[in-house]
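Peer 1: So the sequence lines, in the order shown, correspond to chains A and B.
Numbers 1 to 214, taken from UniProt numbering, label the letters of the first sequence in order.
Numbers 1 to 214, taken from UniProt numbering, label the letters of the second sequence in order.
Just so it is clear, CB atoms sit at the ideal spot from N, CA and C, and this is done for glycine as well.
Predicted model only: the values in this text are computed from it and were never measured.
Here you go, one structure.
Protein chains: 2
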Amino acid sequence: MKVLVVGANGKIGRILVNKLQNEKEFQVRAMVRSEEQANALKERGVDAVVTDLEGTVEHIGNAMDGCDAVVFTAGSGSKTGPDKTLTVDLDGAVKTIEAAEAKGVKRFVMVSALQANNREKWSMKIKHYYVAKHYADRILMDSDLDYTIVKPGALLDEPGSGNIQIGESLERGSVPREDVASTIVEVLRNPKTVRRSFDLVSGDVSISEAIANL
Amino acid sequence: MKVLVVGANGKIGRILVNKLQNEKEFQVRAMVRSEEQANALKERGVDAVVTDLEGTVEHIGNAMDGCDAVVFTAGSGSKTGPDKTLTVDLDGAVKTIEAAEAKGVKRFVMVSALQANNREKWSMKIKHYYVAKHYADRILMDSDLDYTIVKPGALLDEPGSGNIQIGESLERGSVPREDVASTIVEVLRNPKTVRRSFDLVSGDVSISEAIANL
């Protein structure tokens, strides 16, 4: 399975690219925003493509040639304003969904946010971010793609524990980015996760067992 | 027909409330954000309700009791940031759509923006605004509501001419807010406009004729 990682230079994206690169059953292509990022990846032997999420659906689709799955883990981040949250986290995500539909790349894993489906649980401080994730997820669920929506809690930079809790509606919690990346790998392995979405925080069940019991 | 005008204190909203108030075939309820705005309307004999578009779907639904139609012409405007564009123009609009569905108020007129359906035509300067309008419109079109989406060009404060041009894909243009309000009144009169959307700019055809020929 060849996986396009959209947002491969992000914090989750970097870990995910490494993990997929080390697994024999996967091939990976890293989609990044700049030539500089792409060159750094290529030097490490990673297939990389420069694509702007603010470009057209066709432009984004070109990055998917030969891929069997897409993981969307891009985000404009907190350093740019909410205008970029609209154009990247929402419109960039939906254009990626539309590109996958156009290219017939059915398998699509979206990295969303804990409780993005549930307005009552949105943190007021970054409510606009939840709005963007919410609508990207809704449009993905309305598509014919074989989606999985992974909704992690507060993201930590510490090493993963390998143990998580997943569920349809979890209370606030946190999770290391490494565990999010490992969960995505397991999701890609397990067809049972197709057309499912779940909240994700740290827990006491191994990632493979948690996904197997979804 | 009793019409709830959402965004009744906005520039189009104020003109629309006046027009509907003066037409015998319509009753109007003005939905506004503050008690002060509501009191000013009530003093002029207008039925007014205070409702926060950042509140729940149920809260917004309460404003619709006894109404037969909703016109959404609210917007966070340019004085607040793009975070409000997400929470008001997008999420506020969709919550209003969901409230109308929940309350069985089928007729829904959305004031959108010229070419909001067409990413290639979005002005880079306010691209985030187009993103918000685009997704609110998409979700409305996916609903079972009897919608009409009116997509005006650049909005002018000058008096209306009464003459417009409408079409599925128009080049950039402008239109007085008064003509937008008059077009909405005509849309509410004409069931032919159900499940239709159109761009709107100034032109040389009377509003009633343009809508009749849609």
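#1: To which residues does DSSP link B:Ala-30 through a beta bridge?
#2: Against chain A, with Cβ distances strictly below 9 angstroms, would B:Gly-77 count as a contact?
#3: Any idea what DSSP makes of B:Lys-151, helix, strand or coil?
#4: Please state whether the Cβ-Cβ distance between B:Val-111 and B:Ile-12 is less than 9 angstroms.
#5: Where does A:Asp-144 fall in DSSP's three states?
#6: Please compile the residues from chain B whose C-beta is within a distance smaller than 9 angstroms of the C-beta of A:Gly-81.
#7: With H, G and I counted as helix, E and B as strand and the rest as coil, what does DSSP make of B:Ser-76?
#8: Rounded to whole angstroms, how far is the Cβ of B:Arg-195 from the Cβ of B:Asp-146, which I believe are closer than 8 angstroms?
#9: DSSP state of B:Ser-161, grouped into three classes?
#10: Over the uninterrupted beta strand (DSSP E) stretch that includes B:Leu-200, give me the two end residues.
#11: Can you find a C-beta in chain A that's less than 9 angstroms from the C-beta of B:Arg-119?
#12: First and last residue of the beta strand (DSSP E) that includes A:Ser-174?
#13: Along the stretch 131-150 of chain A, what residues have a CB closer than 8 angstroms to any CB found in chain B?
#14: Leaving aside the five residues before and after A:Met-124 along the sequence, list all residues of the same chain whose C-beta is less than 6 angstroms from its C-beta, in chain order.
#15: Could you list the residues in the stretch 90-122 of chain A with a C-beta less than 7 angstroms from some C-beta on chain B, going in chain order?
#16: For A:Thr-51, count neighbouring Cβ atoms within 10 angstroms of its own Cβ and tell me buried if that reaches 16, exposed if not.
#17: Do A:Val-5 and A:Val-17 have their C-beta atoms within less than 9 angstroms of each other?
#18: Would you please verify whether the beta carbon of B:Thr-51 is less than 9 angstroms from any beta carbon of chain A?
#19: Would you verify that the beta carbon of B:Val-57 is, or is not, closer than 9 angstroms to some beta carbon of chain A?
#20: Give the DSSP bridge partners of B:Gly-81, in chain order.
#21: Could you name the residues of chain B that A:Thr-73 contacts, counting a contact when the two beta carbons are closer than 8 angstroms?
#22: Helix or strand or just coil, what does DSSP make of A:Ser-169?
#23: Within the 9 angstroms Cβ cut-off, does B:Leu-86 reach chain A?
#24: According to DSSP, is B:Ala-102 part of a helix, a strand, or is it coil?
#25: Starting from A:Arg-14 and walking both ways along the alpha helix (DSSP H), at which residues does that stretch end?
#26: With H, G and I counted as helix, E and B as strand and the rest as coil, what does DSSP make of B:Leu-214?
#27: Any contact of the stretch 74-85 of chain A with the stretch 15-30 of chain A, i.e. 3+ C-beta pairs under 8 angstroms?
#28: Measure the CB-CB distance between A:Leu-41 and A:Val-88 and report whether it falls below 9 angstroms.
#29: Assuming A:Val-57 is part of the alpha helix (DSSP H), what are its boundary residues?
Peer 2: In this structure, then:
#1: Note: B:Ala-30 sits in a beta bridge opposite B:Val-5, B:Ala-48.
#2: No, B:Gly-77 does not count as interfacial toward chain A.
#3: Per DSSP, reduced to three states, the secondary structure at B:Lys-151 is strand.
#4: Yes, Cβ-Cβ distance for B:Val-111 and B:Ile-12 is below 9 angstroms.
#5: A:Asp-144: coil per DSSP, three-state reduction.
#6: Correct list: Gly-81, Pro-82, Asp-83, His-128.
#7: In the three-state reduction of the DSSP assignment, B:Ser-76 falls in the coil class.
#8: Right, the Cβ-Cβ distance comes to about 7 angstroms (below 8 angstroms), so this counts as a contact.
#9: Coil.
#10: Taken as a continuous stretch (DSSP letters only), the beta strand (DSSP E) holding B:Leu-200 covers 196-202.
#11: Using beta-carbon distances, B:Arg-119 counts as an interface residue toward chain A, with a partner under 9 angstroms.
#12: First-last of the beta strand (DSSP E) with A:Ser-174: 174-176.
#13: Taking 8 angstroms as the cut-off between beta carbons, the residues of the stretch 131-150 of chain A near chain B are Val-131, Ala-132, His-134, Tyr-135, Arg-138, Ile-139, Asp-142, in sequence order.
#14: So the list is empty, once near-sequence residues are dropped.
#15: Within the stretch 90-122 of chain A, the residues whose Cβ lies closer than 7 angstroms to any Cβ of chain B are, in chain order, Leu-90, Asp-91.
#16: Buried, since its Cβ has 16 or more Cβ neighbours within 10 Å.
#17: Taking 9 angstroms as the Cβ cut-off, A:Val-5 and A:Val-17 qualify as a contacting pair.
#18: Not closer than 9 angstroms to any Cβ of chain A, the Cβ of B:Thr-51 fails to qualify, so no.
#19: Yes, because at least one Cβ of chain A sits closer than 9 angstroms to the Cβ of B:Val-57.
#20: Answer is none; B:Gly-81 lacks a bridge partner.
#21: Neighbourhood of A:Thr-73 in chain B, by CB distance below 8 angstroms: empty, with the nearest CB roughly 20 angstroms away.
#22: In the three-state reduction of the DSSP assignment, A:Ser-169 falls in the coil class.
#23: Yes, its Cβ sits closer than 9 angstroms to a Cβ of chain A.
#24: Here B:Ala-102 carries a helix assignment [DSSP, helix/strand/coil].
#25: 11-22 is the extent of the alpha helix (DSSP H) around A:Arg-14.
#26: B:Leu-214: coil per DSSP, three-state reduction.
#27: Contact fails between the stretch 74-85 of chain A and the stretch 15-30 of chain A, because fewer than three Cβ pairs, one in each stretch, are under 8 angstroms apart.
#28: The answer is no: Cβ separation not under 9 angstroms.
#29: A:Val-57 -> alpha helix (DSSP H) spans 57-62.
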